[in-house]
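Trainee: Residue numbers (full-length UniProt numbering): 1 to 238. In this text, a Cβ means the ideal position worked out from N, Cα and C, and glycines have one as well.
1. Just verifying my parser: in three-state terms, what is the DSSP assignment at residue 205?
2. Examine the Cβ distances between the segment 105 to 115 and the segment 81 to 93 and report whether three or more of them are shorter than 8 Å.
3. Given a threshold of 16 other Cβ atoms within 10 Å of its Cβ, counted over all protein chains shown, does residue 69 qualify as buried or as exposed?
4. Would you mind giving the Cβ-Cβ distance between residue 34 and residue 6, rounded to the nearest angstrom? I have them listed as a contact below 8 Å.
5. Whole alpha helix (DSSP H) runs in the segment 27 to 99 with 4 or more residues, listed along the chain?
6. With 16 other CB atoms within 10 Å as the buried threshold, where does residue 225 fall?
7. Return the CA-CA distance between residue 222 and residue 13, expressed in angstroms with no decimal places.
8. From residue 64 to residue 109, what does the alpha carbon distance come to, in whole angstroms?
9. Can you tell me whether residue 206 is buried or exposed? The criterion is at least 16 other CB atoms within 10 Å of its CB, across all chains shown.
10. Based on the DSSP output, what are the partners of residue 6 in its beta bridges?
11. Residues bridged to residue 189 by DSSP?
12. Look at the alpha carbon of residue 49 and the alpha carbon of residue 139, and state the distance between them as a whole number of angstroms.
13. For residue 136, tell me which candidate among 169, 146, 153 has the shortest Cα-Cα distance.
14. Please decide whether residue 174 counts as near chain D, where near means a Cβ-Cβ distance under 8 Å.
15. Cα separation between residue 26 and residue 122?
16. So, is residue 187 buried or exposed, given that buried needs 16 or more other C-beta atoms within 10 angstroms?
17. Using CA coordinates, which residue listed in 88, 93, 153 is at the minimum distance from residue 107?
18. Exposed or buried, residue 61, counting other C-beta atoms within 10 Å across all chains shown (16 or more means buried)?
19. With three or more C-beta pairs closer than 8 Å as the rule, is the segment 50 to 59 touching the segment 143 to 160?
20. For residue 203, which residues of its own chain have a beta-carbon under 6 Å away from its beta-carbon, when the five flanking residues on both sides are left out?
21. Please report the Cβ distance between residue 190 and residue 152, rounded to the nearest whole angstrom; I am assuming they are in contact, meaning their Cβ atoms lie under 8 Å.
22. Which of the three DSSP states is assigned to residue 21 in this structure?
23. Count the other C-beta atoms from every protein chain shown that fall within 10 angstroms of the C-beta of residue 143, then say buried if there are 16 or more, exposed otherwise.
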């Protein structure tokens, strides 16, 4: 599975250096480069899940615009890993507040890039590889990667698996049995009728999750456990 990385840096030599090192670390890396944060934010506004990792300079066209853009990107997606690159430690507090995965001082060294990449892949490897065999209503068995599951909803003894590519798979069974079959720490039950993938959550409220334009309810029964699991998941991704 490809790792989609956006590199946003005004200096072309630095961009090329970062991209070359990332590609050297893994053949799974697909990089898209930006020379300013405004084009990057525009892309995220169109597709909040466009990238797995975003490396952004604290300043591109004007001082601090990269930090403001990264905070805006975080408001669209709580799942993307954000790496801040800066000339000083001036924006460290802001980076912490937005759950940035790393804060790198320029000039960025290869060892720092390697540490970030190793940390990211180690924390995402299990979810990227875990899968689930589900029997559709038509009787055919299909292997689904848990990372591709956005959410699962059930009605009595039927359930629908909603995938990231827009495909929906209908099947029979109880949600309690489905939970036991899913080998992924990012999939949690939040309601009698719903299982959600925390990777795709854009916002958590008291009584529901926001997944872009989809609202998933959180029942009172699960509120405390779901909140604890979600914050643990987010801090483990930092």
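Mentor: Looking at the atomic coordinates:
1. coil
2. yes
3. buried
4. 6 Å
5. 37 to 46, 65 to 76, 92 to 97
6. exposed
7. 50 Å
8. 22 Å
9. exposed
10. 32, 54
11. 195
12. 32 Å
13. 169
14. Given the protein chain composition of this structure (a single chain), no chain D is represented.
15. 13 Å
16. buried
17. 88
18. exposed
19. no
20. 210
21. That pair is no contact at about 11 Å.
22. helix
23. exposed
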